[in-house]
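Written below as structure tokens is the structure these notes are about.
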Amino acid sequence: MSQEKKILAKFDGRLVMIGFGSIGQGILPLILRHIDIKPSRITIITAEDWGGEEAADYGIRFVVEPITPKNYRVILEPIVRSGDFILNLSVDVSSLALIELAQEKGALYLDTCTEPWPGGYTDPTLSEADRTNYALRESALALKARFPGGPTAVLTHGANPGMVSHLVKQALLDIANDTGLKTDTPSTRADWAKLAQALGVKVIHIAERDTQKSNIRKRPGEFINTWSIDGFIAEGCQPAELGWGTHEKALPFDGHRHNSGSRAGIYLSRPGASTRVRTWTPKAGPFHGFLITHNEAISIADYLTVGSGEQPEYRPTVNYAYHPCDDAVLSIHEFAGRNWRQQPEQRLLMDDIVDGTDELGVLLMGHARGAYWLGSQLSIGEARRNVPHNSATSLQVTSAALSGMIWALRHPNEGIIEADEVDFREVLDLQMPYLGPVVGVYSDWTPLVDRGVLFSEDTDVEDPWQFRNFRVT
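For the sequence shown, the working numbering begins at 100 and goes up steadily by one.
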């Protein structure tokens, strides 16, 4: 049964939504269901003429105009005023430029990832370090110093990054309760980090297995996915990245540290879409996921750091381990075989999905109970019953973005803030009705289970959490 219309926030300003792909189209009915705003006060600006009929059905202004470094101020300055809201769901539009504009105008802001202008992910003239999410995050955080105490700007608040940061906090409390560690809910960043350290958490995977499928299989020369294909290709071509834990003994052979900033992460000299990492979810069991770079791998590792400098006292290793839908895996295989030149055709799975679940959660390992996965097991059937214009994948993102918007409307003067700094309980409570079954499951799985049986492997048996569990394909 679909969720009932329930107003969770009132907004008298104007909402400017940039981008109207799968996430934009999926979040619009949620906004109109839970935020008291007149459709006439919403403007959608998009580079593609896709979704215009949906906007027209709601009576919303729909503008097809690609936003570029040359025209973004010309387009946005006349329509963004103090108290308005910029919702950035675009690709190839600089988040930094839009955050800066929002702060100057006194407008609220939220995005689901930190985007560069076109080429920022793949320009071969840029260094590998400059094409990382680490670099993008450091640039976004630098804006905090320029705009202290401004209107709330929530950075990277989709499903992941975003929701998963809140799940990590809940998982830490679950593990503490189940292992007999008495603790109050931490109220500061330092206290969360000390809790993770006290529990002995060494590794955190954002572990995701998408089993959604279409009744039309992938054709040669076609890239298929259940969310933004351009976005997935862009991040898949970035260097593989992960938050780098203090327990790790040696860098990977192609691993590199950063020379400035928090130094919470490392990057590898290879695309994330060519690197696979061993992980586990309750439904799928063990599998290989792609080590796709994501902001949360760096932000969570940074947030849970005890100490500072190049050799802090404690930090967990954090990475995204993503197994997309099966046709997306075939698409990546073909994409890599074309030497990372995109296929001529692409197909976003939505109405033609016939079955499947997106199992997305956080896997915390190294503590007294072994491994603990907490997350959403949302099926395509339940997603469709709850909200139109959504798949299971998109609804996990759109409901997270909606909850972040509502939080920003309720807390409008928090300045530039990451998902890790947002009140996790308030946001999860807002999102929970749209996540399907949310389960917490313990396991004795480690990356070394069943290793070296068929063929001998060089693994460090003294430390099963050592990050020697990835390979190039």
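From the three backbone atoms N, C-alpha and C, an ideal C-beta is built for every residue, glycine too.
Residue i - partner residues in DSSP beta bridges
i	result
N418	H304
H466	G469
G342	G364, V417
G460	A306, G474
A108	I134
A252	Y208, I515
T492	DSSP output for T492 lists no bridge partner at all.
V405	Y413
Host alpha helix (DSSP H) of residue i (start-end)
i	result
N394	394–402
L429	425–436
CB of residue i within 8 angstroms of CB of residue j, strictly
i	j	result
D135	I106	yes
R446	I323	yes
I166	V190	no
G261	T325	no
R414	L403	yes
Y208	I185	yes
L367	I130	no
Q311	I144	no
P95	G330	Residue 95 falls outside the range modelled here, since the chain spans only 100 to 572, and no answer is possible.
L254	I515	yes
N259	Y471	no
P476	G384	Inspection of the sequence shows that residue 476 is occupied by Gln rather than by Pro. For Q476 and G384, no; Cβs fall outside 8 angstroms.
D602	A363	Coverage of the chain is limited to positions 100 through 572, which leaves residue 602 absent and any answer about it impossible.
I274	R132	no
T287	A339	no
L459	A270	no
E517	S361	no
Q337	R230	yes
G580	K281	Past the boundaries of the shown model lies residue 580; the chain is included only from 100 to 572, so the question cannot be answered.
A154	D183	no
T213	S194	yes
V526	G474	no
V417	I303	yes
K382	T492	no
F187	L200	It is Asn, not Phe, that sits at residue 187 in the sequence shown. Result no, Cβ atoms of N187 and L200 do not sit closer than 8 angstroms.
S264	D519	yes
W439	S542	no
M116	G125	no
Under the three-state DSSP convention, the category residue i falls into
i	result
M100	Bear in mind that a pLDDT of 43 at M100, under 50, signals an unreliable position, so the number given afterwards is only what the model happens to contain. Three-state DSSP puts M100 in coil, outside helix and strand.
F566	Residue confidence is low: F566 scores 42 on pLDDT, short of 50, so the model does not pin down where it sits. Its coordinate-derived value is still stated next. F566 falls in the coil class under three-state DSSP.
Q311	coil
G257	strand
H357	coil
A383	coil
R446	strand
P128	helix
V583	Given a span of 100 to 572 for the chain in the structure shown, any question on residue 583 remains unanswerable.
E481	helix
V571	Low confidence applies here, because V571 scores a pLDDT of 45, under 50, leaving its location unreliable; read the following figure in that light. In this structure, V571 counts as strand in the three-state DSSP scheme.
I143	strand
I391	coil
T374	strand
D273	helix
R369	strand
A349	coil
G123	helix
L242	helix
E556	coil
K268	helix
L501	helix
W439	coil
E561	Per-residue confidence for E561 stands at a pLDDT of 44, beneath the threshold of 50, marking its modelled position as unreliable; the derived number appears in the next sentence. Looking at E561 - three-state DSSP - the assignment turns out to be coil, as it is neither helix nor strand.
W506	helix
First and last residue of the uninterrupted beta strand (DSSP E) at residue i
i	result
I328	Counting along the chain, I328 falls outside any beta strand (DSSP E), though it belongs to the alpha helix (DSSP H) covering 328–336.
F322	321–324
D290	Counting along the chain, D290 falls outside any beta strand (DSSP E), though it belongs to the alpha helix (DSSP H) covering 288–298.
D451	That residue, D451, is in no beta strand (DSSP E); it is neither H nor E in DSSP.
V115	114–117
Where are the beta strand (DSSP E) runs, 3 residues long or more, that stay fully inside the segment 152–240, in chain order?
160–163, 184–187, 207–210
Segments of 3+ residues assigned as beta strand (DSSP E) that fall wholly inside the segment 509–549
The segment 509–549 contains these whole beta strand (DSSP E) runs: 515–517, 537–542.
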